[in-house]
Amino acid sequence: MTSAVTIPRHGGTGGRTAVAARARQVVKAYGSGETRVVALDHVDVDIARGQFTAIMGPSGSGKSTLMHCLAGLDTVTGGQIYLDETEITGLKDKKLTRLRRDRIGFIFQAFNLLPTLNAIENITLPMDIAGRKPDKEWLTRVVETVGLADRLKHRPTQLSGGQQQRVAVARALAARPEIIFGDEPTGNLDSRAGAEVLGFLRRSVDELGQTIVMVTHDPVAASYADRVLYLADGRIVDEMFKPTAEAVLDRMKDFDARGRTS
Amino acid sequence: MTVMKTSMRNFLAHKGRMALSAVAVLLSVAFVCGTLVFTDTMSTTFDKLFAATSSDVTVSAKGASDSGETTADNGKPPVMPASVLGEVRKAQGVKSAEGAVFSTSVTVVDADKDNLSPSSGAPTIVGSWNANEARTMKITSGAAPKGADQIMVDADTADKHDLKLGDEIGVISAIGTHTAKISGIADFTVTNPGAAIFYVDTKTAQQTLVGESDVYTNVNVTAAAGVSDAQLKNNVTAELGGGYQVKTAKETADANQKDVEGFMNVMKYAMLGFAGIAFLVGIFLIINTFSMLVAQRTREIGLMRAIGSSRKQVNRSVLAEALLLGVVGSVLGVGAGVGLAVGLMKVMGTVGMELSTDDLTVAWTTPVVGLVLGVIVTVLAAYLPARRAGKISPMAALRDAGAPADAKAGWIRAAIGTVLTGTGGFALYLASAADKAKDGSLWLGLGIVLSLIGFVVIGPLLAGAVVRVLGAVLLRMFGPVGRMAERNALRNPRRTGATGAALMIGLALVACLSVVGSSMVASATDQLDKTVGTDFIIQSDRGQLITPQAVKAAKSAPHVERVTEYKLTQADFTTPDGKTLKDTAITAADPSYATDLRTETVAGKLPDAYKPDSMSVHEKFAEDHGISLGSKIKVAFKDGSAADLTVRAITSSDVVIDAGAMYTSISTVAKYVPADKMPLDALVFASAKEGQQDAAYKSLKSALHDYPQYIVRDQTDYKDALKDQIGQLLNMIYGLLALAIIVAILGVVNTLALSVVERTREIGLMRAIGLSRRQLRRMIRMESVVIALFGALLGLGLGMGWGATAQQLLALEGLGVLDIPWPTIIGVFIGSAFVGLFAALIPAFRAGRMNVLNAIATE
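Pasting the structure below:
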């Protein structure tokens, strides 16, 4: 199975299309000739609007690459990627940058914040860069949701790792992007801090209607999602709705076993 | 061994980051070596020239200078009777001897009365064509001069002025103007660095240069086979007795060499001084580079410490890298220095100083000095960062990389810096309050050095304050990008401080000199307005005296009310206190000089000093020697007899123009000095008839048209000329300071480039969340501008302080008016902003080109 196009194109939340982003026959290859490595092999995927999608897979499966391509951080070798109705494959740097700034939010595994800016400045940075005024009410709500109201003037070095990641989540939410991409956002946190951050992400989907795509290799993290996509060798090999940690873990073991026997 | 290996690998791995530091070392070393090679080459050229042109033994008149140059106050060369030649020929060991006449107190013009003298300041020589000259010159066209109407010219001058056989040439000497036609052109067989040389036959030389026949200025003697120069000299001296100067070829060459050496040394040490400033600036760059490399390598160094490297080893590995950098930079610098010297020679060629690359002289000391200097400076500069590297704890290996720990500038630094700056400021205050220029200059020097060091030390603290202010004024309008630029500049105040300080040094000197220079112009203008009561000043810009014929021409110009002659002479004074003062300068002028220059007196009236057998002295002289009005001074005039002169006026010490001059009238001097020994006028002043200034100006110009060596200036011209002169000097100094400023700019580029590398991840993050390339580049440019403006602000402030203090101090010497050249200061400030933009070009471009994903993934 290399396709995860299972959701109707229209209807659902948001009033616009029900699909926030989609990939069609996306190929990403490095090198050429004998050294050619295919990271993504004709992947089709739809990201449902207002849902929390997790992408899983073993190291080297292409899960991060897929996310980077969907987010407009990386270019593809072939195929198309759409953000809503906009085809982003083939966009020039200038337009891509603006697209990331205005329509996409990011949470990285580490080093999410600029050390020279304090928490609130970091949160409003994408809007500042764009020259937009943040929506005060929304900002307050986001800040309260992530529980940072009393730490807004702190510099990143004065915050714990969990707090830093919460600031990063707040930043991603504050600009109300169409879609938030997380690259193992809890990868550097202990289980409690991780649970906190994942809880916020879940709530932002449930309460704020946010669309989130998260790459992870942690079954517990994946269990917060509405849907889990499994990648292996650059292909989508499976998907699971309403996952639980145990079910995800079982499926992973399954893949591992199959990988070993095949 | 491992230490060396890691150093080597690190050096190679970071060669890009080292490149700018290497360039800084290279530039400084190149400047030092270039200067040395250039001056050595000049030396060689003159050596060859003098060695080639000196005859075995030269006899010259007693009054001639050591080198046989012949410039006397009366405009005629000192001569000896022709009979000397016969006596010399009688001496043992003489193969041949010939009498020669030459003079440098001449001006040579072409048919259009255009001056043919070299503009480089090299001499113009007119002399007799002798066998001695024929040794070093080859007649390339025409023939040697014969008879009064023929003259031969050297090929370089002929080329430069497009002179051809048959062209008319005028020789203007104190005797008069002699015209002749070019009979031949002769080329030097050695390099002639720029003198214009004209030959006539011996008889014509005697007539046109001395105005007498049967006299020689020199006798050139050639030794017979087997007779050494020294022997020949002894024989000739024995024959002639003590009345003449007798010199061997080597002595003549050495004396000549000494004459040019003074000029060359001034040039050499001035240029080395500027190279020193460049080195100083380069030190900041090197310190910054190594500090940043060490900071970036903190984790790696921590690991090395953790697995057992000692502090010393870490320390040494950084120093070893510095050593490599020093060697690479210096070796390239020595090479570039030779290139620079050749370039300089070409430049000098365009202004009339011909040097041949055949004479290019690279003394063995030159590369050694360059290498040693470059390596020592580099290693010393890297010492502090190396020590800091040694202090890194093994724990650093475990900590998260990135943020350098020394972001805070300690308060010890603040205390030291404040004390230094304060002491410097106090010394400057003492300098400005000093009532003796000599004491004050000491304080000034101390103040400059201390305040500079103080500023360098508190630079990081000042960076915080100044950058915030600059940020508030300039960057806020650029929104978040401006704010981030400001924060980035503030991030490591030590780095910003050192980068700015490098720029500060050069700009402080520029500001200081521009304040002093423009104060000089303003003060002189002020004094001219206050004291000068004449309309026109006639003088030669090369210090040539004014011939009687030219004075006569000026006097006969219509619309001119009066002409004042001004001569300088020397005399031995015997004052009432019984002391004898040898060779004291005394000014002989027409009585109208008292009106032309209104000099204040403290006793008596100045016009009285021009009465027969009267004089004036200046206040300090009167105090020192117990002189009052009516005192008599015995004045024994040079080349004349002694006179008892009565002091009828004492001039104030508080004058600027002609300070310290003592006056007497020309008619008084004429009573005691024979007419043919009377010095020529140094200056001539002319005043127009009431309301006829313009007409008089024109008529004076046309009256002196035949004498292009003299320039008529009205007061406006004079002020402009003064301004130009100071402006030119300043421009030259600015040009040399440009080297230091270029190194400082490299420093800004270096800091930015390394910062960009250091912030790769941050840049990646910002790009990922939507910072456009353009915004990113703008951010880096603004950071650069802020750093540059910080350096400029400090430098200009410091320099203006120095300049104002110097002016206060020099007010004692007549620099009464403080004039701050705001256009220059503001121009430099704005220019610095552009320097900042320029410095950020490449770092910004490189930051913009970074791949977002790779940048984020960077450790």
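Chains as they are written, first to last, in my numbering: chain D, 28 to 289; chain H, 2 to 860. Think of the CB as a built atom: it goes at the ideal place given N, C-alpha and C, for glycine as much as any other residue. Bear in mind that the values here come from a model prediction, so they are computed numbers and not experimental data.
Find the residues of chain H that neighbour D155/D, judging by a C-beta separation of less than 7 Å, and give them in chain order. Position 128 of the first sequence, counted from the start, is the residue given in the question as residue 155/D. Within 7 Å Cβ-Cβ: G480 and P481.
Applying a beta-carbon distance threshold of less than 7 Å, which residues of chain H neighbour K121/D?
For the purposes of this step, residue 121/D is taken as residue 94 along the first sequence, with counting starting at 1. Simply S773.
- [ ] Indicate whether P183/D and Q191/D have their beta-carbon atoms separated by less than 7 Å.
- [x] Reading the first sequence from its first residue, position 156 is the one you call residue 183/D. Reading the first sequence from its first residue, position 164 is the one you call residue 191/D. Yes. Within cutoff.
Minimum C-alpha distance to G371/H - residue among G330/H, L320/H and A512/H
Numbered from 1 along the second sequence, position 370 holds the residue referred to as residue 371/H. Of the candidates G330/H, L320/H and A512/H, the one whose C-alpha sits nearest the C-alpha of G371/H is G330/H.
Q. Are the beta-carbon atoms belonging to Q107/D and R178/D less than 7 Å from one another?
A. Along the first sequence, read from residue 1 onward, the residue named residue 107/D stands at position 80. Along the first sequence, read from residue 1 onward, the residue named residue 178/D stands at position 151. No, the pair does not count as a contact, with Cβ atoms beyond the cut-off.
### Task
Go ahead and label N732/H buried or exposed: buried means 16 or more other beta carbons lie within 10 angstroms of its beta carbon, across all protein chains shown.
Mapped onto the second sequence, residue 732/H falls at position 731. Exposed is the call here.
| query | Three-state secondary structure (DSSP) at D71/D? | reply | On the first sequence, residue 71/D is found 44 positions in, with the first residue counted as 1. When secondary structure is reduced to three states using DSSP, D71/D falls in the strand class.
Does E262/H have its Cβ less than 7 Å from a Cβ in chain D?
The residue you call residue 262/H lines up with position 261 of the second sequence. False, the Cβ-Cβ gap to chain D never drops below 7 Å.
Return the chain-ordered list of same chain residues with a C-beta closer than 6 Å to the C-beta of V26/D, the five sequence neighbours on each side being excluded. With chain D represented from 28 up to 289, any question about residue 26/D goes unanswered, as that position is not in the structure.
Cβ of R760/H within 7 Å of any chain D Cβ: On the second sequence, residue 760/H is found 759 positions in, with the first residue counted as 1. Chain D, which has no Cβ nearer than 7 Å to the Cβ of R760/H, makes this no.
Neighbour flag for L854/H against chain D, beta carbons, 7 Å: Residue 854/H sits at position 853 when you count from the first residue of the second sequence. Chain D contact via Cβ: present.
Query raised in the report: Unbroken beta strand (DSSP E) runs of length 3 or more, entirely within the stretch 753–812 of chain H: which are they?
Result: none
Q. Counting along the chain, where does the beta strand (DSSP E) carrying E1/H start and finish?
A. In this structure chain H extends from 2 to 860, so residue 1/H is not present and cannot be described.
- Message: Give me the subset of the stretch 490–510 of chain H whose CB atoms are less than 9 Å from a CB atom of chain D, sorted by chain position.
- Response: L491 and R492
**OP:** Evaluate contact between the stretch 516–524 of chain H and the stretch 496–503 of chain H, counting only Cβ atoms and requiring at least three cross-stretch pairs below 8 Å.
**Re:** no
- Taking C-alpha atoms, which residue in G391/H, L281/H, V222/H and K531/H lies nearest to V319/H? Sequence index remark: in the second sequence, residue 319/H carries index 318 (1-based). With distances taken between Cα atoms, V319/H lies closest to G391/H.
- Which two residues bound the contiguous alpha helix (DSSP H) that contains T532/H? The count along the second sequence starts at 1 and reaches residue 532/H at position 531. Here the alpha helix (DSSP H) through T532/H covers P494 to T532.
Query raised in the report: Closest to L453/H by CA distance: which of L326/H, S666/H, Q540/H and I278/H is it?
Result: Position 452 of the second sequence, counted from the start, is the residue given in the question as residue 453/H. When each option's Cα is compared against that of L453/H, the closest is I278/H.
Simplified DSSP state of S541/H, which is helix, strand or coil: The sequence position of residue 541/H within the second sequence is 540, counting from 1. Strand at S541/H.
What's the call for A406/H, buried or exposed, on a 16-neighbour Cβ count within 10 Å?
Within the second sequence, the letter at position 405 stands for residue 406/H. Its pLDDT being 46, under 50, A406/H is placed unreliably in this model, and the value from its coordinates should be taken loosely. Answer is exposed; the Cβ neighbour count stays below 16.
Q: Measure from the C-beta of M851/H to each C-beta in chain D and report whether the shortest distance is under 7 Å.
A: Counting from one through the second sequence, the residue named residue 851/H turns up at place 850. No, M851/H does not count as interfacial toward chain D.
List the residues that DSSP assigns as beta-bridge partners of K248/H.
Your numbering for residue 248/H matches position 247 in the second sequence. Its beta-bridge partners are T59/H.
- prompt: When DSSP labels each residue in this structure, what does L569/H get in the three-state scheme?
  reply: Working through the second sequence from its first residue, we reach residue 569/H at position 568. It is a strand residue.
- Starting from the C-beta of V836/H, find all residues in its chain whose C-beta is less than 6 Å away, skip the five residues before and the five after it, and write them out in chain order. In the second sequence, residue 836/H corresponds to position 835, counting from 1. Closer than 6 Å at Cβ, skipping near neighbours: I746 and A789.
### Query
Which residues bound the alpha helix (DSSP H) around D129/D?
Residue 129/D sits at position 102 when you count from the first residue of the first sequence. For D129/D, the enclosing alpha helix (DSSP H) covers residues D120 to R130.
Residue interval of the alpha helix (DSSP H) (run including D440/H) = Reading the second sequence from its first residue, position 439 is the one you call residue 440/H. A438 to L471 is the extent of the alpha helix (DSSP H) around D440/H.
Review point. Which one of A382/H, M268/H, I539/H and E355/H has the shortest CA to CA distance from Y708/H?
Key: Position 707 of the second sequence, counted from the first residue, corresponds to residue 708/H. Answer by Cα proximity: I539/H.
>> Does D188/H come out as helix, strand or coil in the three-state DSSP assignment?
In response: As a position in the second sequence, residue 188/H is number 187, starting the count at 1. Judged by DSSP in its simplified three-state form, D188/H adopts strand.
- Between the stretch 208–222 of chain D and chain H, which residues of the former have CB atoms less than 7 Å from a CB of the latter, in chain order? none
Would Q93/H be called buried (16 or more neighbouring beta carbons within 10 Å of its own) or exposed?
For the purposes of this step, residue 93/H is identified with residue 92 of the second sequence, where counting begins at 1. The residue in question, Q93/H, is exposed, as its Cβ has fewer than 16 Cβ neighbours within 10 Å.
* Asked: Identify the residues that DSSP records as bridge partners of K200/H: which are they?
  -> Within the second sequence, the letter at position 199 stands for residue 200/H. The residue you asked about is not Lys; residue 200/H is Tyr in the sequence shown. Partner(s): G128/H and M153/H.
(request) Could you work out which residue in A650/H, T761/H, V24/H and R563/H is closest to Q693/H when comparing CA atoms only? (result) Taking the first residue of the second sequence as 1, we reach residue 693/H at position 692. R563/H is the residue among A650/H, T761/H, V24/H and R563/H whose C-alpha sits nearest the C-alpha of Q693/H.
Worksheet item: Where does R306/H fall in DSSP's three states?
Response: Residue mapping note: residue 306/H aligns to position 305 of the second sequence, counting from 1. Three-state DSSP puts R306/H in a helix.
Using Cβ-Cβ distances below 9 Å, what residues of the stretch 766–794 of chain H are close to chain D?
L766, M767, R768, A769, I770, G771, L772, S773, R774, R775 and Q776
Using the three-state DSSP reduction, which class does H181/D fall into: helix, strand or coil? The residue labelled residue 181/D in the question sits at position 154 within the first sequence. Looking at H181/D - three-state DSSP - the assignment turns out to be coil, as it is neither helix nor strand.
query: Hey, how far is the Cα of T271/D from the Cα of L97/D?
result: Walking along the first sequence from the start, residue 271/D turns up at place 244. Walking along the first sequence from the start, residue 97/D turns up at place 70. Each residue's alpha carbon lies about 25 Å from the other.
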